[in-house]
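With the working numbering as the guide, the letters of the sequence shown map in order to residues 1 to 305. Just below is one structure, and these are the notes that go with it.
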Amino acid sequence: MTAEPMIDSHGDPTAAPAPVTVRASLSPSRAADFKTCPLLYRFRSIDRLPERPTVEQARGTLVHAVLERLFDLPAAARTPESAGDLVAPQWDRLVTEEPELASLFADGDTAGPQEFLRSATALLDGYFAVEDPRRLEPAEREALISAVVDDELLIRGYLDRLDVAPDGALRVVDYKTGGAPREAFEARALFQLKFYALVLWRTRGVVPRVLRLLYLKDAKVCDYAPDADELVRFERTVVALWRAIEQATARQDFRPRPSRLCDWCSHQALCPSYGGTPPPFPVAAAAADPLVDARSRPVAPGADE
């Protein structure tokens with residue numbers, strides 16, 4: 001479901017929308033790419049270089065798929081056993097839809113895929129340690145939401161889950177298959193959820209009461225309660241980030257920002273920080289469809305997971 005944008009220049013999320021001309025779009029994953037490393041943003045969003053899937057990414061995708069399907073079952077049937085029964089069929093479906101996932105394991109390797117499925121089931125055990133899905137009826141799952149900010153920037157993203165209380169309060173839930181980050185990295189983990197909170201506020205006039213991160217590997221819950229003033233400031237941050245991306249595109253100047261996350265980057269061979277040379281800047285970049293914003297989820301462990 002795509003929410004209709006609702007925003008005006010005075011920041012009143014309940015006011016009637018003014019006519020807008022959307023010039024660009026931005027998702028939390030692409031925004032996070034630019035914040036992490038401008039050159040990574042260029043490789044993914046402008047050059048659109050292919051990236052081989054990793055076992056960690058595939059496992060995250062599989063667990064997300066199982067948790068989405070789990071809520072298709074009657075409440076009483078949402079048990080660890082039922083979730084475990086979904087693992088192999090969902091993996092088969094993913095491999096059928098994305099055949100490149102089959103390349104994660106060598107031909108004739110039977111132990112690798114079996115261990116992979118066991119590790120996904122273990123993460124589901126972490127989910128059941130922190131939440132009882134029999135007591136939940138999510139309002140939305142894997143929902144695409146969007147809004148226009150600054151009169152011309154479409155921000156959008158996919159929610160893992162949205163819960164709505166009887167009094168209308170919203171809770172945004174995001175599943176993380178990596179370990180819980182240290183306190184210094186919690187802001188990075190919450191960036192994506194604040195992005196969603198801003199969209200929901202601008203489209204529904206309601207500030208989510210809770211932004212919840214479920215870290216399945218560590219069976220840990222991280223809750224955060226935003227407020228309207230904070231989302232106004234966050235909106236300014238997103239718009240400033242978009243303008244920085246526009247300037248970098250106009251100058252064809254996307255510089256690397258080395259960090260520990262480079263260990264998971266697929267493009268080290270093209271990065272000047274590792275002795276590489278980026279490909280020529282695409283001539284068609286300036287004429288690219290501004291609403292095309294490739295989604296990659298889950299992203300490298302440590303960056304989002």
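C-beta atoms are modelled at their ideal positions from N, C-alpha and C, and glycine is treated no differently.
In the three-state DSSP reduction, SER45 falls in the helix class (H, G or I).
Within the segment 199-231, the runs of beta strand (DSSP E) at least 3 residues long that lie entirely inside it are, in chain order, 210-215, 220-224.
Counted as a single uninterrupted DSSP element, the beta strand (DSSP E) harbouring GLU140 occupies residues 140-149. Only buried fits SER45, as 16 or more other CB atoms lie within 10 angstroms of its CB.
DSSP places VAL66 in no beta strand (DSSP E) but in the uninterrupted alpha helix (DSSP H) bounded by 55-70.
In this structure, VAL22 sits near GLU152, with a CB-CB distance shorter than 8 Å.
PRO258 and SER27 have their alpha carbons spaced roughly 22 Å apart.
Residues of the same chain with a CB within less than 8 Å of the CB of ALA58, apart from the 5 flanking positions on each side, are LEU94, LEU101, LEU104, PHE116 in chain order. Where LEU86 is concerned, the enclosing alpha helix (DSSP H) starts and stops at 80-97. In the DSSP assignment, VAL164 forms a beta bridge with LEU170. TYR274 counts as exposed, since fewer than 16 other C-beta atoms from the protein chains shown sit within 10 angstroms of its C-beta. Comparing alpha carbon positions, the residue from ASP167, LEU198, LEU213 closest to ARG188 is LEU213.
Counting along the chain, ALA75 sits inside no beta strand (DSSP E), nor does DSSP assign it H or E at all. Per DSSP, the unbroken beta strand (DSSP E) holding SER25 starts and ends at 24-26. The residue from LEU124, ALA65, ALA122, PRO80 with its alpha-carbon nearest to that of GLU97 is ALA65. Distance from the CA of ARG204 to the CA of VAL239, rounded to the nearest whole angstrom, comes to 20 Å. If you check the CB distance, LEU159 and TYR215 do not come in under 8 Å.
Comparing C-alpha distances from GLN247 to each of ARG42, ALA143, ALA32, ALA75 shows the shortest one belongs to ARG42. Contact between PRO282 and PRO272 is absent: CB atoms are separated by about 18 Å, not below the 8 Å threshold. For VAL149, the closest C-alpha among the options PHE234, ASP253, ALA88, PRO280 is that of PHE234.
Rounded to the nearest whole angstrom, the CA to CA distance from ALA269 to ASP33 is 18 Å.
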